[in-house]
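**Student:** For reference, each letter of the sequence shown is one residue, going 2 to 156 in our numbering.
Here's a structure for you.
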Amino acid sequence: MNEPMPIALPEQGESPDQILQQIGALKREDADWKAGKVWSLVYYADETHDKLLQEAALRIRTCIREVDVVARIGGDEFTVILNELTDERQAEEVAQKIIGRIKEPFQLGTEFVFVTASIGITFYPNDTTDIGRLFKNADQAMYVAKGKGRNCFGY
């Protein structure tokens, strides 16, 4: 399976180069708690899909710090890299913030759209130092979250 290729939303989130630089920084830095997360948004809109994804990216961005990165990696999945974490609870707190923002209704034109978020959390270097494996771990953790129900996170 190939490593996911990041795709930045136009004028939203980070560019593919920035996300790859962040991933490279994970390898170079020696901090204890780094988190990579992947999640999937479940949505019910066809014509407004791009607008929904852009708004979701903006909401996610409000939940993280300037030193962190968010990027759309394809379809309805995003990756968030949280830098310089001191413990696991910080990743959980950010996950809860993101879930809270995503479950708020999205107003797209005259309609309101409701979505859910499933978040998979994995830690670098504690879980793995291999970037491809890190993405796979996050993806598997996302499916654990989906198995728990809506608006959850898992490891």
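Using N, Cα and C, we set each Cβ at its ideal position, and we do this for glycine too.
Go ahead and label Phe107 buried or exposed: buried means 16 or more other beta carbons lie within 10 angstroms of its beta carbon, across all protein chains shown.
**Tutor:** To locate residue 107, count along the sequence shown from 1; it is residue 106. Phe107 is buried by the Cβ-count criterion.
**Student:** Do Glu93 and Phe154 have their C-beta atoms within less than 8 Å of each other?
**Tutor:** Within the sequence shown, numbered from 1, the residue matching residue 93 stands at position 92. Within the sequence shown, numbered from 1, the residue matching residue 154 stands at position 153. Yes, they are a contact pair.
**Student:** Exposed or buried, which one is Glu85 when buried takes at least 16 other CB atoms within 10 Å?
**Tutor:** Within the sequence shown, the letter at position 84 stands for residue 85. Exposed, by the Cβ-count rule.
**Student:** Determine whether the beta carbon atoms of Gly121 and Gln97 lie at a separation below 8 Å.
**Tutor:** On the sequence shown, position 120 is the one that residue 121 refers to. On the sequence shown, position 96 is the one that residue 97 refers to. Going by C-beta atoms, Gly121 is not nearer than 8 Å to Gln97.
**Student:** According to DSSP, Leu109 sits in a beta bridge with which residue or residues?
**Tutor:** The residue you call residue 109 lines up with position 108 of the sequence shown. Leu109 pairs with Glu112.
**Student:** Does Tyr144 pass the burial test, meaning 16 or more other C-beta atoms within 10 Å, or should it be called exposed?
**Tutor:** Taking the sequence shown and counting its residues from 1, one reaches residue 144 at position 143. It counts as exposed.
**Student:** Do Ala146 and Ser119 have their C-beta atoms within less than 8 Å of each other?
**Tutor:** Counting from one through the sequence shown, the residue named residue 146 turns up at place 145. Counting from one through the sequence shown, the residue named residue 119 turns up at place 118. Contact flag set, yes.
**Student:** Is Thr117 near Arg151, with beta carbons less than 8 Å apart?
**Tutor:** Indexing the sequence shown from 1 puts residue 117 at position 116. Indexing the sequence shown from 1 puts residue 151 at position 150. Yes, the pair counts as a contact, with Cβ atoms nearer than the cut-off.
**Student:** In terms of residue numbering, what span does the alpha helix (DSSP H) encompassing Gln133 cover?
**Tutor:** What you label residue 133 is simply residue 132 of the sequence shown in a count that begins at 1. Sequence check: residue 133 is Gly here, not Gln. Start and end: Ile132 to Lys149.
**Student:** Counting only the same chain and skipping the five closest in sequence on each side, list residues whose C-beta sits under 7 Å from that of Cys64.
**Tutor:** To locate residue 64, count along the sequence shown from 1; it is residue 63. The answer, listed in chain order, is Val95, Lys98, Ile99 and Arg102.
**Student:** Tell me whether Glu93 sits in a helix, a strand or coil according to DSSP, three-state version.
**Tutor:** Against the sequence shown, residue 93 aligns to sequence position 92. If DSSP states are grouped into helix, strand and coil, Glu93 belongs with the helices.
**Student:** State the DSSP-derived secondary structure class of Glu67, mapped to helix, strand or coil.
**Tutor:** Numbered from 1 along the sequence shown, position 66 holds the residue referred to as residue 67. Residue state, collapsed to three classes: coil.
**Student:** Could you say which of Lys52, Glu89, Val71 and Glu67 lies nearest to Pro126 if we only look at CA atoms?
**Tutor:** Position 125 of the sequence shown, counted from the first residue, corresponds to residue 126. Comparing Cα-Cα distances from Pro126 to each of Lys52, Glu89, Val71 and Glu67, the minimum goes to Glu89.
**Student:** With a threshold of 7 Å on Cβ separation, who are the neighbours of Phe115 within its own chain once the five nearest residues in sequence on each side are excluded?
**Tutor:** Numbered from its first residue, the sequence shown carries residue 115 at position 114. The answer, listed in chain order, is Pro106.
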